[in-house]
Amino acid sequence: FSIFSPDYWQHNLEAQRGWAAKTIVNGLMNSGGWFGFGPEPGALQRGIENSVILSPDEQRHLSWHVELLEDAYWFAFLGYFGIVGLGIFWLILLRLYQTSQSLIKSSSSLEYKSLGVMLCTIIIVSFFYTFVERTFKLRPFSFYFWLLAGLVVNSWSVQQGNRE
4 FSIFSPDYWQ HNLEAQRGWA AKTIVNGLMN SGGWFGFGPE PGALQRGIEN SVILSPDEQR
64 HLSWHVELLE DAYWFAFLGY FGIVGLGIFW LILLRLYQTS QSLIKSSSSL EYKSLGVMLC
124 TIIIVSFFYT FVERTFKLRP FSFYFWLLAG LVVNSWSVQQ GNRE
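In this note's numbering, the protein residues as written are 4 to 167.
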């Protein structure tokens, strides 16, 4: 398969991430829950089975490919924690981005500006990349992401303290 061929995209939408995204969103909408099905793949699978009418092929596909539900991670996050949880997590990312921008604009130190630029870049890249990979579940990435986020927030706090 070529990555840009129509066959590749059709297969991806029917049998892989597209199927997982469609199944998770349908399950959540049919259940009427704002808070998702719970933070484990088994709970997500049971929630989908209880709220969506699946064909026998789709049921086999779901039971054999539970890890596929996690592959499109923002949609898995939506299934685990619902619209409220996903919104809160995105709000945290937005506030970190805004804090980084504020640090870049208000700081005269090159080191602080560099920290802000690094976190802004990582947030933008990881936001889009998390549609295809579970970046925040990868421990090495998460460690450095949250370490950098803590450094930026602390640096911003120091900058605010120096102003007063």
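The C-beta atom is built at its ideal place from N, Cα and C for all residues, glycine as well.
*Between S3 and Q162, is the Cβ-Cβ spacing less than 7 Å?*
Outside the shown range of the chain (4 to 167) lies residue 3, about which nothing can therefore be said.
*Alpha carbon to alpha carbon, how far is S103 from V156?*
Each residue's Cα considered, the two are about 8 Å apart.
*From I127 to G35, what does the alpha carbon distance come to, in whole angstroms?*
Each residue's Cα considered, the two are about 31 Å apart.
*Option nearest G88 by Cα separation, candidates P143, C123, F134 and G39*: Residue G39 is the option with its Cα nearest to G88.
_Give me, in chain order, the residues of the same chain whose beta-carbon lies closer than 6 Å to that of F84; leave out the 5 immediate sequence neighbours on both sides._
Listed in chain order, the non-local C-beta contacts of F84 below 6 Å within the same chain comprise G39, local neighbours out to five positions each way being set aside.
*Give the straight-line distance between the Cα atoms of S145 and A152, rounded to the nearest whole angstrom.*
S145 and A152: Cα-Cα distance of roughly 10 Å.
_I'd like the ranges of any alpha helix (DSSP H) spanning at least 4 consecutive residues and lying wholly in the segment 83-146._
For the alpha helix (DSSP H) assignment, the uninterrupted runs of no fewer than 4 residues enclosed by the segment 83-146 are, from N- to C-terminal side, 113-132.
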